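**Student:** Residue numbers (this note's numbering): 41 to 202.
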């Protein structure tokens, strides 16, 4: 008889293991926990303000440290020089009479040189206001740019009236 009792115990254990409740898969959202701490948010705002401030200061530095600008209303006479003194960037030089207009959207101005239209140099500049030198014989220093239509396209960095 003791053998029968042992079999019943094994059967009851197996039933108990099968009837256990499954673990809950979906959990409730804990609204008390935040992924960002208040210190992190404060540091983020400070870094953002420093970035905006430094960008503003750097943008307002201007060209005054690298070049010479003419005062407003100054007369433009022979020998007048304006622009950057950076000879490594603006190493190409050319002389001619400045005229307004580019060629097919390349250049805002052009230098007329002896030899006809094929010898024109088309100019752009973000440093020097070339409109003050229209119809004057000038020498410009600049950097040659790749052009689609112009024979010679130059970004002007320095101008001298000759």
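All C-beta atoms, glycine included, are put in the ideal place defined by N, C-alpha and C.
Computed from a predicted structure; not experimentally measured.
I'd like to know whether the C-beta atoms of residue 155 and residue 148 end up nearer to each other than 8 Å.
**Tutor:** Not a contact, by the Cβ cut-off of 8 Å.
**Student:** Out of 184, 160, 119, which one is the CA nearest neighbour of residue 137?
**Tutor:** Answer by Cα proximity: 160.
**Student:** Once DSSP output is grouped into helix, strand and coil, what is the label at residue 97?
**Tutor:** Residue state, collapsed to three classes: helix.
**Student:** Alpha carbon to alpha carbon, how far is residue 127 from residue 133?
**Tutor:** Straight-line Cα distance between these residues: approximately 10 Å.
**Student:** Taking C-beta to C-beta, are residue 124 and residue 176 nearer than 8 Å?
**Tutor:** Not a contact, by the Cβ cut-off of 8 Å.
**Student:** Does the region 183 to 197 come within contact of the region 162 to 172, defined as at least 3 CB pairs closer than 8 Å?
**Tutor:** As far as the Cβ criterion goes, the region 183 to 197 touches the region 162 to 172, which means the pair count is three or higher.
**Student:** Between residue 183 and the rest of its own chain, which residues show a CB-CB distance below 8 Å, the 5 nearest in sequence each way excluded?
**Tutor:** Correct list, in chain order: 129, 130, 131, 132, 194, 195, 197.
**Student:** Could you please give the first and the last residue of the uninterrupted beta strand (DSSP E) stretch that includes residue 133?
**Tutor:** Run containing residue 133: 132 to 140, per the beta strand (DSSP E) assignment.
**Student:** Quick check on this structure: which residue in 180, 98, 83, 77 has the alpha carbon closest to the alpha carbon of residue 135?
**Tutor:** Checked all of 180, 98, 83, 77; the closest Cα to residue 135 is 180.
**Student:** To the nearest angstrom, how far is it from the Cα of residue 158 to the Cα of residue 152?
**Tutor:** Near 9 Å, if we compare the C-alpha coordinates of residue 152 and residue 158.
**Student:** From residue 77 to residue 186, what distance separates their C-alpha atoms?
**Tutor:** Approximately 52 Å, taken between the alpha carbons.
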